Each structure stands twice: as structure tokens, then as C-alpha cells.
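Undergrad: Numbering (the working numbering), first residue to last: 350 to 832. Where is the CB? At the ideal position from N, CA and C, for every residue including glycine. Everything numeric in this text was worked out from a predicted model, so none of it was measured. Take this structure first; my questions come after.
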């Protein structure tokens with residue numbers, strides 16, 4: 350048993366380490382997704398690695414699960430306060446904008462290739478959405494610093510538009526394989542149900558997740574990430590079971606949970622950030638293994654033509670038309686038009702025709718892969734330059750400020766609190782005290798023993814707290830803790 354598994358274990362270790370070390374090249378402006386896919390292609394059957402892999406159903410399954418974790422992590426790292434001002438325009442871009450992009454791209458592909466009309470529209474549907482993993486990776490790199498409102502819009506759009514692309518892709522496959530069962534009212538009703546159900550269950554799952562983490566008392570801190578991971582998978586499964594959109598559900602669940610107060614919040618966000626990186630590596634490696642680079646030159650001309658039209662015409666036109674009612678500055682509209690990175694999501698969707706056994710499925714997959722490579726090379730590497738040219742890039746910040754410097758500068762003050770006998774604080778956890786966001790319980794003294802508290806720490810009689818707060822919050826903190 351050990352001998353049989355050894356090649357797999359060593360191969361997985363080499364691929365993971367190669368991907369991690371390759372990520373160092375992101376400092377030169379190369380998107381991480383391109384590096385991960387390159388490692389997979391080099392390890393594949395056409396590369397020096399020579400690993401044979403052509404299991405489309407397995408690649409699709411791994412990709413779908415990985416995308417769910419990436420979307421949940423993206424939602425968990427997104428503040429509702431940042432999303433709320435851009436919610437309307439983000440929803441429009443993620444739905445009508447994606448549909449228009451798919452239609453325009455499909456019509457162009459039909460005009461320049463010999464693909465059947467429905468297959469061309471299927472191709473447009475597959476590449477219609479921006480990729481959350483790619484956009485998160487580029488926008489959160491050291492080279493791109495945008496205004497918070499603009500960055501929030503781009504991240505929200507990329508995180509919420511995959512469900513629309515999935516719906517369009519599945520719908521087009523259904524129209525091609527079983528046209529007699531397809532009707533316009535049925536499609537419209539299915540779309541409304543999927544989106545409404547996904548959003549509703551996502552909100553419920555996020556709030557329920559925060560409540561569960563707060564109420565349950567596990568004996569080990571390491572079990573809390575496992576608990577949340579189980580709830581994530583349950584959210585995806587239940588939503589899919591009732592024919593809602595599971596990708597939208599997990600993304601909304603992450604946003605909804607982040608908006609709540611719960612114990613181990615910071616450690617859980619960091620844990621899922623690490624899981625998201627692992628999911629990206631596994632997903633891109635698998636998809637890189639699945640493609641055969643030797644087939645790309647045969648579709649290079651039509652692939653480049655479709656990629657150019659998608660980047661320079663379809664995406665910008667859709668963005669301009671969708672954002673016209675919101676009267677946004679033209680520079681912001683131009684940047685949003687350019688940050689339309691295609692990544693793993695289109696490649697995962699390109700496995701759907703393979704699994705369904707459609708004619709031209711291999712050709713569609715190769716064209717989609719070529720479009721993704723072109724997008725990563727051109728758009729992914731040029732986003733910082735475009736942002737600077739449009740004067741939307743914020744200036745670089747200096748080194749992090751030591752909190753002690755703020756205290757010495759008089760911007761922070763300490764409050765000593767003693768939980769005396771009969772105090773209303775006894776028996777309550779720190780997260781239940783309602784402290785302002787800028788206030789921090791630095792240390793807790795309990796019977797002469799120093800404790801670094803967390804949100805779930807329950808106060809007891811005799812505890813002594815040292816609380817750091819800004820001057821503007823000082824009176825409120827004293828009222829909450831000493832009143």
C-alpha cells in the first residue's frame with residue numbers, strides 16, 4: 350500500500366512546492382494563476398513531466414469544489430460596509446453584463462469560425478464571466494492599490510458573476526442536447542429561482558454559521574475551522590439539492606458571516622485564506638494537466654481573435670452600457686472594462702461540454718484555454734500600469750505603524766477595568782460587550798495569571814482588564830465597562 354502511494358505523494362509534493370516557489374515571480378507582475386497553470390502544463394503529458402491525465406469528470410469535480418472554497422474565502426474577506434455602496438452596479442454587471450458579454454462573444458465566434466450557432470453561443474457563455482481567483486489575486490497583490498469603492502466593485506462583481514456564467518453554460522448545453530425540453534418561460538423561471546434561492550440560503554447560512562460558532566463550545570480551537578468548513582460544504586450541497594445556485598450561496602454566506610461578530614474571527618479568516626490558496630493551486634494544476642499544449646497552435650488564430658474581441662469590444666461595451674445609468678467617472682469605467690480577467694472558472698466550465706460528450710468539446714476546451722492564457726498574459730500583467738495611467742492607483746503606503754507609537758503619540762489611551770462582585774460583566778464573553786471596533790482588550794489578569802483574551806473569553810469576578818481605545822471612543826468604552 351505504501352509503495353503504491355509513494356509516487357503519488359512525491360509527485361503531489363513536488364507540484365505543490367513548485368507552485369509555491371513559482372508564486373515568487375508574481376513580484377514581476379505575472380499572475381499567480383498563470384504560474385500555477387504553467388507548472389501543470391510542464392508536468393503534463395506534453396511537458397517534461399510526462400504525467401498522463403485526461404480525466405475531465407475528475408478535473409471538473411476538483412475544480413467545482415476548489416471554486417466553492419475560493420468564493421467562500423473571498424466573501425469572508427469582504428466587508429459588507431464596502432459592498433453595500435456598490436451592490437446595485439455590481440449585481441447589474443454580474444447578471445445582465447455577463448449575459449450581454451456572452452451574446453456578443455458568441456455571435457463573433459460564430460462569424461469567424463465554423464462552429465454551429467448554438468456551440469458558438471455556448472463558447473461565449475463559458476468565457477463570459479471574470480474569474481474570482483484571478484481578480485482577487487491581482488487586486489490584492491502589492492502592485493495594485495485602488496480606491497476602496499472601485500476595488501470593492503471589482504471584487505464583488507468577480508465573486509458574484511460566476512453563477513450567471515454557470516447558468517448560461519448549463520442552459521446552452523441543455524438547449525443543444527435536449528432542445529424539446531427547453532422553453533423561454535422555463536429558463537426565466539429557473540434563473541430567478543437559482544439566484545433568489547442562492548442569495549437567500551447564503552444569507553441564512555452566514556448568519557447561522559456565526560451563531561453556531563458563538564454558541565457551541567468546542568474543546569479544541571482547531572475544531573472551529575473544521576466546523577465552518579463542514580457548514581460551507583453543507584451550504585453548497587443543500588443549495589444544489591433544491592436547485593439553487595450553490596456558488597452564489599457560498600459567496601454570500603462568506604459575506605454574511607463576516608458581517609457578524611463571532612469567536613476566532615481573525616484566525617478563521619486567515620485559515621480560509623490559506624485554504625483558498627491551496628484550492629487555487631490544486632485547481633490550476635489540475636486544469637494545466639488536463640490541457641494538451643500541442644493542440645493550442647491549431648486554434649491560435651481563432652482563439653486570439655475571440656480573445657481580442659472579448660477584451661477590446663464585448664467586455665468594454667457591456668460594462669459601458671450596464672454602468673451608464675450610474676454615471677460613474679469614465680476612468681473608473683475604463684478600468685472596470687479592462688479588469689475582466691478570465692481564469693479557472695471558464696476552464697472549469699469548458700469541462701462541462703467534455704463531460705456531456707458534445708461534438709467539438711475538445712476544440713471548445715482548447716479555445717477557452719487559449720483565451721484564458723491570453724487574458725492572464727495581457728490583462729493580468731498590465732492592470733497596475735493601466736491603473737496608474739488612468740490615475741486611479743493610490744500612492745504606496747509606508748511601513749506599518751507600531752501600535753505603541755500611536756499610544757505614545759496620544760491617539761490611544763488605556764482603560765483599567767475591574768470585574769467586581771455583582772458586576773454585570775461577569776459571565777459575559779468579550780464579543781457580547783458591544784465594544785467599538787477601535788477598542789481592544791489587550792490583556793486580562795485573572796488571579797495573578799496573565800491571559801491574552803479572544804472574543805470568546807468569558808469574564809469572571811475578580812478579572813482585571815486592560816483596554817486600549819481611541820480618545821473618541823473613550824467615553825463610550827467607560828460607559829459600557831464601568832457603568
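1) My assumption, with CB atoms under 8 Å, is that residue 828 sits in contact with residue 610. Please give the rounded CB distance.
2) Select from 669, 644, 671 the residue whose C-alpha is nearest the C-alpha of residue 712.
3) Spatial neighbours of residue 468 within its chain, please: CB distance less than 6 Å, with the 5 preceding and 5 following residues excluded, ordered by chain position.
4) Determine, using beta carbons only, whether residue 765 and residue 788 come nearer to each other than 8 Å.
5) Mind checking who residue 799 pairs with in its DSSP beta bridge?
6) Using only alpha-carbon positions, find the residue among 636, 781, 681, 730 that is nearest to residue 717.
7) Taking residue 810 as the reference, give the member of 688, 383, 774 with the closest Cα.
8) Count Cβ pairs between the stretch 593-606 and the stretch 532-551 that sit closer than 8 Å; are there 3 or more?
9) If you draw a straight line from the C-alpha of residue 742 to the C-alpha of residue 496, how long is it?
10) Looking only at its own chain, which residues have a Cβ that is under 8 Å from the Cβ of residue 748, when we skip the five neighbours before and after it?
11) Excluding sequence positions up to five away, which residues of its chain have a Cβ less than 6 Å from the Cβ of residue 630?
12) Which term fits residue 756, buried or exposed, when burial requires 16 or more other beta carbons within 10 angstroms of its beta carbon?
13) Roughly how many angstroms lie between the CA atoms of residue 594 and residue 705, to the nearest whole one?
14) When the Cα atoms are used, what is the spatial distance from residue 626 to residue 771?
15) Using a Cβ-Cβ cutoff of less than 6 Å, which residues in the same chain neighbour residue 471 once the five nearest sequence positions on both sides are dropped?
16) Which runs of the alpha helix (DSSP H) spanning at least 4 residues fall entirely within the stretch 389-464, listed in chain order?
17) Could you check if residue 681 is buried or exposed, using at least 16 other CB atoms within 10 Å of its CB as the buried criterion?
18) With a cut-off of 8 Å on the beta carbons, I'd call residue 597 and residue 512 a contact; round off their distance for me.
19) So, with DSSP's three-state summary, where would you put residue 707?
20) Cβ of residue 829 less than 8 Å from any chain C Cβ?
21) Could you name the residues that DSSP lists as bridge partners for residue 816?
22) Determine the extent of the alpha helix (DSSP H) in which residue 682 is found, giving its start and end residues.
23) Return the CA-CA distance between residue 441 and residue 450, expressed in angstroms with no decimal places.
24) Can you tell me whether residue 778 is helix, strand or coil according to DSSP?
25) Using alpha carbons as the reference points, say which of 382, 476, 571, 618 lies closest to residue 427.
26) Less than 8 Å between the C-beta atoms of residue 686 and residue 665, yes or no?
27) What does the alpha-carbon distance come out to for the pair residue 753 and residue 616?
28) Per DSSP, what kind of secondary structure is residue 659 in: helix, strand or coil?
29) Drop a sphere of 10 angstroms on the beta-carbon of residue 526, count the other beta-carbons inside from all chains shown, and report buried for 16 or more, exposed for fewer.
30) What are the start and end residues of the alpha helix (DSSP H) that includes residue 613?
31) Are the Cβ atoms of residue 476 and residue 639 separated by less than 8 Å?
32) What three-state label does DSSP hand residue 829 in the structure shown?
33) Which word fits residue 599, buried or exposed, when buried means at least 16 other C-beta atoms lie within 10 angstroms of its C-beta?
34) Would you mind sorting residue 566 into buried or exposed? The rule is 16 or more other CB atoms within 10 Å of its CB.
35) To the nearest angstrom, how far is the alpha carbon of residue 350 from that of residue 389?
36) Could you give the distance in angstroms between the alpha-carbon of residue 667 and the alpha-carbon of residue 452?
TA: The short version:
1) Contact check for residue 828 and residue 610: beta-carbon distance about 19 Å, past the 8 Å limit, so the pair fails to qualify.
2) Nearest C-alpha to residue 712 among 669, 644, 671: 644.
3) So the list reads 709, once near-sequence residues are dropped.
4) The criterion of a C-beta distance shorter than 8 Å is not satisfied by residue 765 and residue 788.
5) Under DSSP, residue 799 takes part in a beta bridge, and its partners are 794.
6) Residue 717 has its Cα closest to that of 636, out of 636, 781, 681, 730.
7) Measuring from the Cα of residue 810, the nearest candidate turns out to be 774.
8) The stretch 593-606 is in contact with the stretch 532-551.
9) Going by the C-alpha atoms only, they are around 7 Å apart.
10) With a pLDDT of only 44 at residue 748, under 50, the local geometry of the prediction cannot be trusted, and the value read off the model is given with reservation. Excluding sequence neighbours, residue 748 sits near nothing in its chain.
11) Within the same chain, and ignoring the five residues on either side of residue 630 in sequence, the residues whose Cβ sits closer than 6 Å to its Cβ are 368, 385.
12) Interpretation of residue 756 is limited by its pLDDT of 44, a score under 50 that renders its predicted location unreliable; no figure is taken from the coordinates.
13) C-alpha separation (whole angstroms): 20 Å.
14) Near 48 Å, if we compare the C-alpha coordinates of residue 771 and residue 626.
15) Same-chain partners within the cutoff: 521.
16) The DSSP assignment places 405-425, 429-432, 436-441, 447-461 as complete runs of the alpha helix (DSSP H) inside the stretch 389-464, in order along the chain (cut-off: 4 residues).
17) Burial call: buried.
18) So it is a contact: roughly 4 Å between Cβ atoms.
19) Residue 707 sits in coil when the DSSP states are folded into three classes, being neither helix nor strand.
20) Judged by its chain identifiers, the structure shown contains no chain C, having just a single protein chain.
21) The partner list for residue 816 (beta bridge, DSSP) reads 764, 790.
22) That run of the alpha helix (DSSP H) goes 679-687.
23) Rounded to whole angstroms, residue 441 and residue 450 show a C-alpha spacing of 12 Å.
24) Residue 778: strand per DSSP, three-state reduction.
25) Checked all of 382, 476, 571, 618; the closest Cα to residue 427 is 618.
26) Cβ distance < 8 Å, so residue 686 and residue 665 count as in contact.
27) Caution is warranted here: a pLDDT of 42 is assigned to residue 753, below 50, making its placement in the model unreliable, and no coordinate value can be reported.
28) Note: residue 659 maps to helix in three-state DSSP.
29) By the 10 Å Cβ count, residue 526 comes out exposed.
30) For residue 613, there is no enclosing alpha helix (DSSP H), as DSSP marks it with neither H nor E.
31) At the C-beta level, residue 476 and residue 639 stay beyond 8 Å of one another.
32) When DSSP states are grouped into helix, strand and coil, residue 829 belongs to the helix group.
33) Result: buried.
34) Residue 566 should be labelled exposed.
35) In this prediction, residue 350 scores a pLDDT of 48, lower than 50, which makes its location untrustworthy; no coordinate-derived value is stated.
36) Taking the straight line joining both Cα atoms gives about 10 Å.
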